[in-house]
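> Under UniProt numbering, the first residue of the sequence shown carries the number 1, and numbering increases by one thereafter.
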Amino acid sequence: MRGFDLTPYRRSTVGFDRLFDLIENNARINAGDNYPPFNIERLSEDKYRVTLAVAGFRPDELEITAQQNLLQVSGRKEDVSKTEQGKYLHVGIANRSFDRRFELADFVRVESADLADGLLVIELVREVPEAMKPKKIAINGGQLIDINKDQRAA
1 MRGFDLTPYR
11 RSTVGFDRLF
21 DLIENNARIN
31 AGDNYPPFNI
41 ERLSEDKYRV
51 TLAVAGFRPD
61 ELEITAQQNL
71 LQVSGRKEDV
81 SKTEQGKYLH
91 VGIANRSFDR
101 RFELADFVRV
111 ESADLADGLL
121 VIELVREVPE
131 AMKPKKIAIN
141 GGQLIDINKD
151 QRAA
């Protein structure tokens, strides 16, 4: 995102300020830092999975915090050179602390988290409140028709 100016889009759009802020902040925060590596999967229309490679971290060294529209995963590790000084001839396995942030869409919440085989797997689900789902409106004073009813019956 370096060198990409969003100003022309900001001038010609209304109500997209949050989107442009997210793009600019993400470009600044994650520029050049790819640790720990991660995958984001879409499992279905409303289910997602974030997988982080956190080999060497124990569950008590990891912290997952979910706030409104933000998922933050942190890992705290002591520097190997300070704790095991003199025992290692070469340290090639990344063993450093990290903070990884993921911006979440509205109504996305963390369903579960699991650590196995060096992978931290976080399951996410989007739950749109019933009041926010689209409804068909009948003309001439008829009743409301729930357009999601047909999809749920299928």
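Think of the CB as a built atom: it goes at the ideal place given N, C-alpha and C, for glycine as much as any other residue.
Note that the coordinates shown come from a computational prediction; the quantities given were computed from them, not determined experimentally.
Nearest-angstrom Cα distance between S12 and F20?
Cα to Cα, S12 sits roughly 12 Å from F20.
> For R42 and K87, what's the separation of their Cα atoms in angstroms?
About 43 Å.
> Thinking C-alpha only, which one of N34, I23, Q72 and S97 is nearest A113?
For A113, the nearest C-alpha among the options comes from Q72.
> Kindly list the residues whose CB is nearer than 6 Å to the CB of L62, restricted to its own chain and excluding five residues on each side of it in sequence; keep chain order.
Same-chain partners within the cutoff: G75.
> Determine the burial state of Y9: buried for a count of at least 16 other Cβ atoms within 10 Å of its Cβ, exposed for fewer.
Classification for Y9: exposed.
> Specify, as a first and last residue, the run of the alpha helix (DSSP H) that R100 falls within.
Note, R100: premise wrong, no alpha helix (DSSP H); beta strand (DSSP E) at F98 to E103.
> In the DSSP output, which residue or residues are listed as bridge partners for F38?
Paired residue(s): L52.
> For T65, which beta-bridge partners are listed by DSSP?
BP columns for T65 point to Q72.
> Compute the beta-carbon to beta-carbon distance between F102 and V50, rounded to the nearest angstrom, for a pair I have assumed lies under 8 Å.
Between V50 and F102 the Cβ distance is about 6 Å, and since that is below 8 Å, they are a contact.
> Mapping the DSSP letters down to three states, classify D114 as helix, strand or coil.
In this structure, D114 counts as strand in the three-state DSSP scheme.
> Tell me the rounded alpha-carbon separation between R126 and P36.
Going from the Cα of R126 to the Cα of P36 covers about 25 Å.
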